[in-house]
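Numbering (the working numbering), first residue to last: 119 to 324.
(1) Look up residue 191 in the DSSP assignment and give the residues it is bridged to.
(2) Give me the Cα-Cα distance between residue 322 and residue 282, rounded to the nearest whole angstrom.
(3) By the 10 Å Cβ neighbour count, where 16 or more other Cβ atoms means buried, how is residue 192 classified, buried or exposed?
(4) Could you tell me which of 250, 170, 301 and 213 sits nearest to residue 239, measuring between CA atoms?
(5) Put residue 271 into one of helix, strand or coil per three-state DSSP.
(6) Between which two residues does the beta strand (DSSP E) containing residue 172 stretch?
(7) With distances taken from CA atoms, which of 259, 304 and 200 is nearest residue 228?
(8) Tell me the DSSP bridge mates of residue 242?
(9) On a CA-only basis, which of 244, 309, 165 and 173 is nearest residue 296? Give me that one, please.
(10) Kindly list the residues whose CB is nearer than 6 angstroms to the CB of residue 188, restricted to its own chain and excluding five residues on each side of it in sequence; keep chain order.
(11) State the Cα-Cα distance for the pair residue 177 and residue 161, rounded to the nearest angstrom.
(12) What did DSSP end up calling residue 198 once you bin it into helix, strand or coil?
(13) Taking the runs of the alpha helix (DSSP H) that are 4 residues or longer, which of them lie wholly in the region 272-306?
(14) Can you tell which of 288, 311 and 138 has the C-alpha that lies nearest to the C-alpha of residue 277?
(15) Let me make sure I understand the geometry here. Which of 301, 139, 221 and 279 has the alpha-carbon closest to that of residue 316?
(16) If you draw a straight line from the alpha carbon of residue 190 to that of residue 201, how long is it in whole angstroms?
(17) Answer yes or no: do residue 171 and residue 286 have a C-beta to C-beta separation smaller than 8 angstroms?
(18) Taking the alpha-carbon positions, what's the residue 262 to residue 222 distance?
(19) Which of the three DSSP states, helix, strand or coil, is assigned to residue 314?
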């Protein structure tokens, strides 16, 4: 999936060019057309944030689910408090679920982890160096740690104009974060939300 690029300076352009350099011009790349991980609502959002980088034939979801929700807060502390309450309720009602709280930068993940810890969120873990335990609970990490993984619920935090500006790398990283969610995706920001988010979502944000 060329949309899930972590690094924009690794020399990769497209599969046709790479295959040509390997002398494999005759090989055809057939993208997967069905997505079994995420719901239609999550896939629609993940394609929207790619903007002009989105594939001409995006994968199709096999099921629908809850709408993607955006929560706009005045301050980071307000966002952490809101999320703490929501995660306590979620882990009480669904103790076997896996949740990822994903920031763009490790420093943001540290801040949210400390806030959620003080907010007494159960089964809370701060994940670095990709040491995921793959068991129920709440993993707090940054987006460069989660490529290829899947969680029942994903919370993308600080999806603001400053963290995710209108640039290609931010589009790819936001796409990666969003597509980690299997069932539901929440988006939090303090301040102005990123313009990479669809205008319709920004307009109806809480």
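Ideal Cβ positions, reconstructed from N, Cα and C, are used throughout, including at glycine. As the structure is a prediction and not an experimental result, all values here were calculated from the model.
This is what the structure gives:
(1) 308
(2) The straight-line gap from Cα to Cα measures roughly 19 angstroms.
(3) exposed
(4) Of the listed residues, the one whose Cα sits closest to residue 239 is 213.
(5) strand
(6) Residue 172 -> no beta strand (DSSP E), and no H or E assigned at all.
(7) 259
(8) 256
(9) 165
(10) 305, 319 and 323
(11) 8 angstroms
(12) helix
(13) 286-296
(14) 311
(15) 279
(16) 12 angstroms
(17) It is a contact, given that the beta carbons lie within the stated cut-off.
(18) Whole-angstrom Cα-Cα distance: 8 angstroms.
(19) coil
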